Amino acid sequence: MGEMEQLRKEAESLKDQINAARKAVQDTTLQEAAAGVAVVGRVQMKTRKTLRGHLAKIYAMHWATDSKLCVSASQDGKLIVWDSVTTNKVNAIPLKSSWVMTCAYAPSGNLVACGGLDNMCSIYNLKGKDGNVKVMRELAAHTGYLSCCRFISDTEIITSSGDCTCILWDIETGTQKTVYAGHQGDCMSLAVSPDFNFFISGACDFTSKLWDIREGTCRQTFPGHESDVNAIGFFPNGNAVITGSDDTTCKLFDLRADQELITYQDSSVMCGVTSLAPSLSGRLILAGYDDFNVNIWDALKAERVGVLAGHDNRVSCIGVSADGMACCTGSWDSFLKIWN
Amino acid sequence: MPVINVEDLTDKDKALMEVNQLKTEVKLERWLTSKCCEEIKEYIQARVEEDTLVKGISEEKNPFKEKGGCVIC
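Protein chains in written order, with our numbering: chain A, 153 to 492; chain B, 3 to 75.
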């Protein structure tokens with residue numbers, strides 16, 4: 153037997169052992185456990201604000217931690233920082249490369265970042281002395297597109313890439329601190345745990361991975377989806393992960409049970425999930441789809457309890473503000489909408 | 003922390019990496035799903051009353067309310 157064949161057989165055997173170990177602790181499903189909980193009532197949200205200004209598809213948005221400001225990225229080549237309450241544009245930042253796919257707001261509110269087909273993550277200082285917003289750093293090392301980025305602090309950021317890796321960067325020196333390798337397909341999105349010790353990544357190898365930021369190791373891998381994992385987020389308690397896929401479903405995986413607890417799907421939903429965000433308590437999961445809608449799921453019952461219909465093209469990004477008061481959707485129709 | 007250059011890995015390197023990763027994962031201590039489900043349920047129920055998107059919000063308290071505008075008499 154060749155070495156490769158031997159390794160392949162060993163991998164299969166280990167995967168079987170892991171599946172058996174997962175089944176051994178599976179004494180209930182979330183739906184069974186929540187059988188006594190009443191379905192949450194029909195959720196009807198209204199568009200409270202429409203943020204107009206981008207001239208092309210919006211690919212990403214991210215709330216600032218103050219729950220008022222947010223940043224969006226469009227292939228019109230701009231990052232716009234919005235005051236979501238007044239709808240004013242606080243900053244309109246022209247980008248060197250218009251092929252942007254992701255953006256992020258630093259927890260401090262001082263920096264924003266973006267990246268895309270330029271394979272780089274560009275960091276902008278919003279609080280520069282002369283009031284001008286300038287590129288502070290260009291983080292270059294990925295050999296594929298930048299699909300997502302999230303700040304740990306003003307000095308560290310994590311990026312995910314089409315080159316199948318994620319990287320932790322030192323922003324001040326512009327260098328790579330850690331490369332997280334292991335996915336066998338493009339990494340499509342990432343999310344950082346509430347305690348900033350871990351992050352999760354979703355990829356085109358149909359799996360999600362939990363990474364220890366400081367150790368640089370992959371702790372757990374979650375298979376189950378039948379196509380690319382496009383969207384990922386932590387459940388608010390930090391102990392579970394929600395994923396959205398081209399296979400039209402969203403799934404909730406618990407980190408301690410190391411397995412899927414529930415799938416959010418409906419026969420009427422026939423297109424891929426592009427983005428997702430849990431509500432403050434975790435009771436609702438809002439997911440954006442290729443069919444221009446956002447479906448609102450009761451997290452415990454896996455029932456669809458609402459729809460946000462209002463965009464005229466794909467909903468590419470969604471975010472719930474930190475105080476849970478509103479949800480923001482961004483679309484290929486060039487608009488962002490604030491709902492509650 | 004050594005930085006791996008993924009471009010330099012051969013197919014065999016990647017297969018070995020996968021096997022080593024699985025060997026680590028197989029050792030994980032796993033909780034009963036019933037315990038995890040209880041925790042999730044309790045977490046949600048403790049916070050759902052404060053969850054605006056679930057409970058809704060009155061016009062006055064809504065920071066995103068329409069501004070007082072024109073009244074047509």
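All residues carry an ideal CB built from backbone N, CA and C; glycine is no exception. Computed from a prediction, not measured in an experiment: that's the story for all the values here.
Say whether chain A places a C-beta atom closer than 8 Å to the C-beta of residue i.
i: D13/B; result: yes
i: S36/B; result: yes
i: E41/B; result: yes
i: E9/B; result: yes
i: E61/B; result: no
Give the DSSP-derived three-state secondary structure of residue i in the structure shown.
i: V331/A; result: strand
i: M3/B; result: Only weak support is given to the placement of M3/B: the predicted model assigns it a pLDDT of 40, under 50, and the value that follows is read from those uncertain coordinates. Residue state, collapsed to three classes: coil.
i: N445/A; result: strand
i: K43/B; result: helix
i: D53/B; result: coil
i: K241/A; result: strand
i: A409/A; result: coil
i: I490/A; result: strand
i: C266/A; result: strand
i: M253/A; result: strand
i: M156/A; result: helix
i: M477/A; result: coil
i: I437/A; result: strand
i: T400/A; result: coil
i: C38/B; result: helix
i: S165/A; result: helix
i: V28/B; result: helix
i: K201/A; result: strand
Answer yes or no: do residue i and residue j have a C-beta to C-beta separation smaller than 8 Å?
i: D406/A; j: N391/A; result: yes
i: S483/A; j: S473/A; result: no
i: D235/A; j: K220/A; result: yes
i: T311/A; j: V331/A; result: no
i: T202/A; j: F444/A; result: no
i: L428/A; j: I437/A; result: yes
i: P430/A; j: G385/A; result: yes
i: R289/A; j: I323/A; result: yes
i: D498/A; j: N262/A; result: The question about residue 498/A has no answer, for chain A in this structure spans 153 to 492.
i: T325/A; j: G354/A; result: no
i: G283/A; j: K241/A; result: no
i: G434/A; j: F387/A; result: yes
i: L159/A; j: A17/B; result: yes
i: L212/A; j: M253/A; result: For the record, residue 212/A in the displayed sequence is Ala; it is not Leu. Yes, the Cβ-Cβ distance between A212/A and M253/A is below 8 Å.
i: N492/A; j: Y45/B; result: no
i: F348/A; j: W363/A; result: no
Return the residue from the list the options that minimises the CA-CA distance to residue i.
i: A292/A; options: D282/A, D270/A, L231/A; result: D270/A
i: L24/B; options: L342/A, Q372/A, A208/A; result: Q372/A
i: L278/A; options: C222/A, A208/A, A439/A; result: C222/A
i: C479/A; options: D179/A, D410/A, V237/A, T181/A; result: V237/A
i: E52/B; options: G476/A, A439/A, F350/A; result: G476/A
i: D338/A; options: V252/A, N349/A, S379/A, L460/A; result: S379/A
i: N171/A; options: Q411/A, G462/A, G193/A, P246/A; result: Q411/A
i: C39/B; options: R194/A, V177/A, M197/A; result: V177/A
i: R408/A; options: A173/A, L432/A, M156/A; result: A173/A
Between which residues of its own chain and residue i is the CB-CB distance below 8 Å, once the five residues before and five after are set aside?
i: V191/A; result: D450, K453, E455, V457
i: T327/A; result: W321
Using C-beta distances below 6 Å, list every residue in its chain close to residue i, excluding the 5 sequence neighbours before and after it, in chain order.
i: V421/A; result: T400
i: W215/A; result: C222, G471, S473
Contact criterion: CB-CB distance below 8 Å. Does residue i meet it with respect to chain B?
i: L488/A; result: no
i: V446/A; result: no
i: S433/A; result: yes
i: I210/A; result: no
i: T295/A; result: yes
i: V472/A; result: yes
i: N389/A; result: yes
i: E162/A; result: yes
i: C356/A; result: no
i: Q372/A; result: yes
i: A256/A; result: no
i: Q227/A; result: no
i: D306/A; result: no
i: R408/A; result: yes
i: I170/A; result: yes
i: N277/A; result: no
i: E290/A; result: no
i: V177/A; result: yes
i: N382/A; result: no
i: K453/A; result: no
Looking only at its chain, what residues have a beta carbon closer than 7 Å to the beta carbon of residue i, apart from the 5 residues adjacent to it on each side?
i: D315/A; result: H294, T295, G296
i: G280/A; result: K286
i: G334/A; result: K361, C370
i: L57/B; result: One point to set straight first is that residue 57/B is Lys, not Leu, in the sequence displayed. Correct list, in chain order: E51.
i: L342/A; result: C300, R302, I310, S312, C318, F351, I352, S353, I384
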